[in-house]
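*Asks:* Sharing a structure here in structure tokens format.
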Amino acid sequence: MPVMELRGGIDLGGTKIEAIVVDADQKVLGSSRHPTPSSGGPEAVAAELVAAMQEACKAAGVESASLQGVGVGSPGVVDEATGTVSTARNLPDWEGSFELGPALSRELGTTATLGNDVQVATDAEFELGAGKPYQSLLGVMWGTGVGGGIVLDGKPWLGRGGAGEIGHVVVKIDGRRCPCGRRGCMEAYAGRAAMEARARSKHEDGTSTDLFKIMKDRGRTKLTSAVWAKALEREDKLATELIDEAIEALGAGIASAQNLLDVQAIVIGGGLGVRLGQPFVKRIRKAMEPHVFNTANWPDVLLAGLGDLGGALGAALLVSRRVEGTPAPVGETAG
Ligand SMILES: [Zn+2]
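Numbering (this note's numbering), first residue to last: 1250 to 1584.
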């Protein structure tokens, strides 16, 4: 029954949903990508996840009910035991709790296992991607927000469930307001949502930029990573300025985390990280230079090796862990 060895993986991001079907060797047999709904709350997001998964199944030639299970990497506070997601600020109207796992299990006809999106993506890089040669790792997922995943001595470090929030490391006392409500967080400068808010207010105040023109030309309603990349290519002044600030903030935040953890490698992923790629990883490394304390022993600073699929592959790994009965080191991020 080879079909029983197939697993689904879904990466639920603030901008897009990536769904895949993989075999036992993590080979992708089918995939689909949908934009994340920007309204309609958790129900609308759940419906879109189901649609994306069904489409990936169709491409792989399987029924979702015949999958071993479906793993989901979700933002917010994830309680794996109950399958609930709470306070997912980068998703529409998701301040409270929603039983996402049970809803997906019901619709897809197979068990849905949830994990924290950033830990799941970091775990995928550790097991299958750029982090493979190392025993300690810091994953920095640079996208709508900036998330961090930590692996120490070969094991994910989740703290009491709240570890890895590198986006809310303070890079400027009394600095810019972060989407989390606090001031001076790294994410206030480097998160794509914060950068978009900044770009919109600057644009409304009369600063000229092609960012929103490129967005409209592409039929988008948000400044996606592709929109930022295009604007940089055109040397758009505002886009360049905001990305420069983001890189400075990432350099300070990541270097501070490194001074504390002293990991072997730092892997930069996330929508924006993957889209902007290696030249920007180099720039982040450069921006770390003034802040790294142990200059005699630098960590390797690498681009994520699994590209856009890292989150979905990591989500599919959640299913393997559940099926094999090994304790899931990722996703148990209940507070
Ligand atoms: Zn914050």
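Cβ coordinates follow ideal geometry from the N, Cα and C atoms, glycine included.
For residue 1442, I'd like the list of residues in its chain whose CB is within less than 6 angstroms of its CB, leaving aside the five on either flank, ordered along the chain.
*Replies:* Result list for residue 1442: 1393 and 1428, in chain order.
*Asks:* Measure the CB-CB distance between residue 1397 and residue 1389 and report whether it falls below 8 angstroms.
*Replies:* Yes, the pair counts as a contact, with Cβ atoms nearer than the cut-off.
*Asks:* Report yes if the C-beta of residue 1431 is less than 7 angstroms from at least one heavy atom of ligand 1; otherwise report no.
*Replies:* It does: the Cβ of residue 1431 is within 7 angstroms (strictly closer) of some heavy atom of ligand 1.
*Asks:* Considering only C-alpha positions, which residue in the set 1364, 1400 and 1573 is nearest to residue 1511?
*Replies:* Residue 1511 has its Cα closest to that of 1400, out of 1364, 1400 and 1573.
*Asks:* At the level of alpha carbons, what is the spacing between residue 1261 and residue 1369?
*Replies:* Answer to the nearest angstrom: the Cα atoms are 11 angstroms apart.
*Asks:* Taking the beta carbon of residue 1274 as the centre, do at least 16 other beta carbons fall within 10 Å, making it buried, or is it exposed?
*Replies:* Residue 1274 should be labelled exposed.
*Asks:* Could you tell me the distance, in whole angstroms, from the CA atom of residue 1549 to the CA atom of residue 1534?
*Replies:* Each residue's Cα considered, the two are about 9 angstroms apart.
*Asks:* Keeping to the same chain, check which residues put their C-beta closer than 8 angstroms to that of residue 1264; ignore five residues upstream and five downstream.
*Replies:* Here the set comprises 1284, 1285, 1392, 1393, 1441, 1471, 1473, 1474 and 1520.
*Asks:* Could you name the residues of the same chain whose beta carbon sits closer than 6 angstroms to that of residue 1250, not counting the 5 residues immediately before and after it, in chain order?
*Replies:* Residue placement at residue 1250 is flagged as unreliable, the pLDDT there being 45, under the threshold of 50; the coordinate-derived value follows with that caveat. No residues qualify anywhere along the chain.
*Asks:* Check residue 1567 in the structure and name its three-state DSSP category.
*Replies:* Helix.
*Asks:* Which partner residues of residue 1328 appear in the DSSP bridge assignment?
*Replies:* Paired residues: 1333.
*Asks:* Specify, as a first and last residue, the run of the alpha helix (DSSP H) that residue 1361 falls within.
*Replies:* Note, residue 1361: premise wrong, no alpha helix (DSSP H); beta strand (DSSP E) at 1361–1365.
*Asks:* Would you say the beta carbon of residue 1273 is closer than 7 angstroms to some non-hydrogen atom of ligand 1?
*Replies:* For ligand 1, not one heavy atom lies less than 7 angstroms from the Cβ of residue 1273.
*Asks:* Can you tell me whether residue 1543 is buried or exposed? The criterion is at least 16 other CB atoms within 10 Å of its CB, across all chains shown.
*Replies:* Flag for residue 1543 reads exposed.
*Asks:* Any heavy atom of ligand 1 closer than 7 angstroms to the Cβ of residue 1437?
*Replies:* Yes, since a heavy atom of ligand 1 falls inside the 7 angstroms radius drawn around the Cβ of residue 1437.
*Asks:* Where does residue 1385 sit, in a helix, a strand or coil, going by DSSP?
*Replies:* Reduced to three states, the DSSP call for residue 1385 is coil.
*Asks:* Please list the segments of the alpha helix (DSSP H) lying wholly inside the region 1269–1332, counting only runs of 4 or more residues, in order along the chain.
*Replies:* Counting whole runs of 4 or more residues, the region 1269–1332 contains the alpha helix (DSSP H) stretches 1290–1309.
*Asks:* With a threshold of 7 angstroms (Cβ to nearest heavy atom), would residue 1416 be considered close to ligand 1?
*Replies:* Yes; taking the cut-off as 7 angstroms, the Cβ of residue 1416 has a heavy atom of ligand 1 nearer than that.
*Asks:* For the beta strand (DSSP E) containing residue 1534, name the first residue and the last one.
*Replies:* Premise fails: residue 1534 lies in the alpha helix (DSSP H), 1527–1537, not in any beta strand (DSSP E).
*Asks:* Measuring CA to CA, which of 1513, 1497, 1413 and 1561 is closest to residue 1437?
*Replies:* Measuring from the Cα of residue 1437, the nearest candidate turns out to be 1497.
*Asks:* Considering only residues of the same chain and omitting the five flanking positions on each side of residue 1513, which have a CB-CB separation below 8 angstroms?
*Replies:* The answer, listed in chain order, is 1383, 1384, 1385, 1386, 1548 and 1549.
*Asks:* Any chance the region 1329–1349 sits against the region 1405–1414, with 3 or more Cβ pairs inside 8 angstroms?
*Replies:* Output reads no: the region 1405–1414 does not touch the region 1329–1349.
*Asks:* DSSP on residue 1391, reduced to helix/strand/coil?
*Replies:* Reduced to three states, the DSSP call for residue 1391 is strand.
*Asks:* Whose C-beta lies closer than 6 angstroms to the C-beta of residue 1346 among residues of the same chain, with five residues either side of it excluded?
*Replies:* Closer than 6 angstroms at the Cβ level, and outside the excluded window around residue 1346, lie 1333 and 1335.
*Asks:* From this set, 1553, 1325 and 1360, which residue's C-alpha is nearest residue 1410's C-alpha?
*Replies:* With distances taken between Cα atoms, residue 1410 lies closest to 1325.
*Asks:* Going by the beta-carbon positions, is the gap between residue 1288 and residue 1351 smaller than 8 angstroms?
*Replies:* Cβ distance not < 8 angstroms, so residue 1288 and residue 1351 don't count as in contact.
*Asks:* Going by C-alpha distance, which of 1343, 1376, 1310 and 1258 is nearest residue 1318?
*Replies:* The candidate whose alpha carbon is nearest that of residue 1318 is 1258.
*Asks:* Whole angstroms is fine: what's the gap from residue 1311's alpha carbon to residue 1557's?
*Replies:* Rounded to whole angstroms, residue 1311 to residue 1557 spans 23 angstroms at the Cα level.
*Asks:* Quick one: what does DSSP say residue 1545 is sitting in, helix, strand or coil?
*Replies:* Coil.
*Asks:* Along the alpha helix (DSSP H) that carries residue 1243, what are the first and last residues, could you check?
*Replies:* Nothing can be reported for residue 1243, as the shown portion of the chain is limited to 1250 through 1584.
*Asks:* Can you tell which of 1479, 1357 and 1290 has its C-alpha closest to the C-alpha of residue 1256?
*Replies:* Out of 1479, 1357 and 1290, 1357 has the C-alpha closest to the C-alpha of residue 1256.
*Asks:* Which stretch, first to last residue, makes up the alpha helix (DSSP H) that contains residue 1466?
*Replies:* Residue 1466 -> alpha helix (DSSP H) spans 1460–1466.
*Asks:* Where DSSP assigns a beta bridge to residue 1401, which residues make up the other side?
*Replies:* DSSP lists 1404 as partners of residue 1401.
*Asks:* Just tell me which of 1268, 1290 and 1551 has its CA closest to the CA of residue 1338.
*Replies:* Checking every option, the nearest Cα to that of residue 1338 belongs to 1290.
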